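Trainee: Residue numbers (my numbering): 371 to 680. Ideal placement from N, C-alpha and C gives every residue a C-beta, glycine not left out. If you're wondering where the values come from, they're calculated on a predicted model, not measured in any experiment.
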Amino acid sequence: MYIEQGYKGDIGLWKYLIIPGCFIGLMVMNYIAIVFSPVSVEDSMAGMIDKLGSNLVLIILLAPLALGLLLVLGWSKLVHAQSITSLTTARKKIDWKRVGFAFAVWGLLTVVLTMVGIYLSPEDYEFNFKLKPFLYLALIGVLLIPLQTSFEEYLFRGHMMQGIGLAVKNRWVSLVVTSVLFGLMHLGNPEVEKLGYGIMIYYIGTGFFLGIITLMDDGLELALGFHAANNLISALLLTADWTAFQTNSIYRDVSDPVLGYDVLVPVFIIFPILLFLFSKKYGWSNWNNKLFGKVLSREEFFLIESKTDD
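Spelled out as structure tokens, the structure:
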């Protein structure tokens with residue numbers, strides 16, 4: 371009953387609209403500016419990195435989103451009068467072991483898949499490791515990337531998923547809307563400019579995967595761990611001149627990027643395997659109701675809560 375945890379706050383529709391509305395508005399303005407800009411995103415990023423260095427540019431990109439996490443958590447606590455725990459999970463307390471497990475699983479898979487790619491096509495990669503810049507990158511990444519990814523999870527799978535679910539009283543609408551919006555948030559990424567809109571299959575598909583594990587597991591913990599591992603390990607391990615995170619990573623992709631069927635592999639092969647793994651480990655059941663069932667009324671929820679406490 372993750373969505374119903376929103377009842378533990380001071381409910382008000384306007385309270386759920388302000389932060390997502392402002393964030394989406396900023397994303398729309400950013401995308402419009404990119405579309406009408408005479409300079410490509412790739413060239414703009416290259417110019418910033420030439421002037422400031424990749425580590426400082428990374429801080430500039432991550433810092434506003436890290437502050438956004440404090441805004442979402444503070445808004446929920448002060449305006450919604452909702453605890454951070456109930457925004458995070460339906461459990462009595464946040465399960466950090468779940469966060470660690472998802473981080474470890476996806477982090478290990480990311481390393482393995484990347485190294486397999488390098489082994490199979492060594493001509494597409496160059497060794498980019500320089501100790502001092504990498505150590506600065508690691509420090510920046512460890513401090514800021516989990517805050518950035520947690521902001522996105524608490525905004526989309528937390529604040530918005532609970533708010534939409536309580537408003538429409540069903541789960542699938544909340545899942546679809548938050549997943550699509552999460553994907554569209556990446557429209558301004560240089561990967562989209564370079565590879566085309568087909569890459570949105572990956573971004574929206576990832577949104578659905580994160581939304582499904584949140585609903586099935588009744589909490590954000592797995593999504594928080596997965597998302598942090600995805601961005602942090604990728605930033606440390608591999609970079610390219612056409613990606614959102616251009617870093618002093620260990621390897622650099624120097625191939626000419628082409629959108630192919632490989633964009634479908636994570637969404638339609640790897641993510642379903644992870645869903646199976648998580649479902650077996652955490653004993654998920656009743657998929658239909660958790661993903662497509664109705665959201666309980668406030669009275670129904672608190673009646674069940676009182677019986678559970680007894």
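Between Phe671, Glu591 and Met586, which lies nearest to Ser655 when the distance is taken from Cα to Cα?
Mentor: It is Met586 whose Cα lies nearest to the Cα of Ser655.
Trainee: Verify whether the separation of the beta carbon atoms of Gly558 and Gly577 is less than 8 Å.
Mentor: no
Trainee: Excluding the 5 residues flanking Val550 on each side, which residues of the same chain have their C-beta closer than 8 Å to its C-beta?
Mentor: Ile574 and Gly577
Trainee: Just to confirm, is the Cβ distance from Thr584 to Arg527 under 8 Å?
Mentor: In contact: Thr584 and Arg527 (Cβ atoms closer than 8 Å).
Trainee: Output the distance between the C-alpha atoms of Leu629 and Ile569, rounded to the nearest integer angstrom.
Mentor: Answer to the nearest angstrom: the Cα atoms are 7 Å apart.
Trainee: Work out the CA separation of Leu435 and Ala403 for me, nearest whole Å.
Mentor: 19 Å
Trainee: Could you check how far apart the C-beta atoms of Phe473 and Ala598 are, in whole angstroms? I think they sit under 8 Å.
Mentor: Contact holds; Cβ gap of about 6 Å.
Trainee: Are at least three pairs of beta-carbons, each pair with one atom in the stretch 407-427 and one in the stretch 480-500, less than 8 Å apart?
Mentor: no
Trainee: How about the stretch 634-647 and the stretch 437-451: do they share at least three Cβ pairs that are nearer than 8 Å?
Mentor: no
Trainee: Can you tell me whether Asp623 is buried or exposed? The criterion is at least 16 other CB atoms within 10 Å of its CB, across all chains shown.
Mentor: buried
Trainee: Could you tell me if Leu536 is buried or exposed, where buried requires 16 or more neighbouring beta carbons within 10 angstroms of its beta carbon?
Mentor: With 16 or more other Cβ atoms inside 10 Å of its own Cβ, Leu536 counts as buried.
Trainee: Which residue spans inside the stretch 542-596 form an unbroken alpha helix (DSSP H) run of at least 4?
Mentor: The stretch 542-596 contains, as complete alpha helix (DSSP H) runs of 4+ residues, the segments 560-565 and 570-587 (chain order).
Trainee: Which one of Arg461, Asp611 and Leu483 has the shortest CA to CA distance from Glu563?
Mentor: The shortest Cα separation from Glu563 among Arg461, Asp611 and Leu483 belongs to Asp611.
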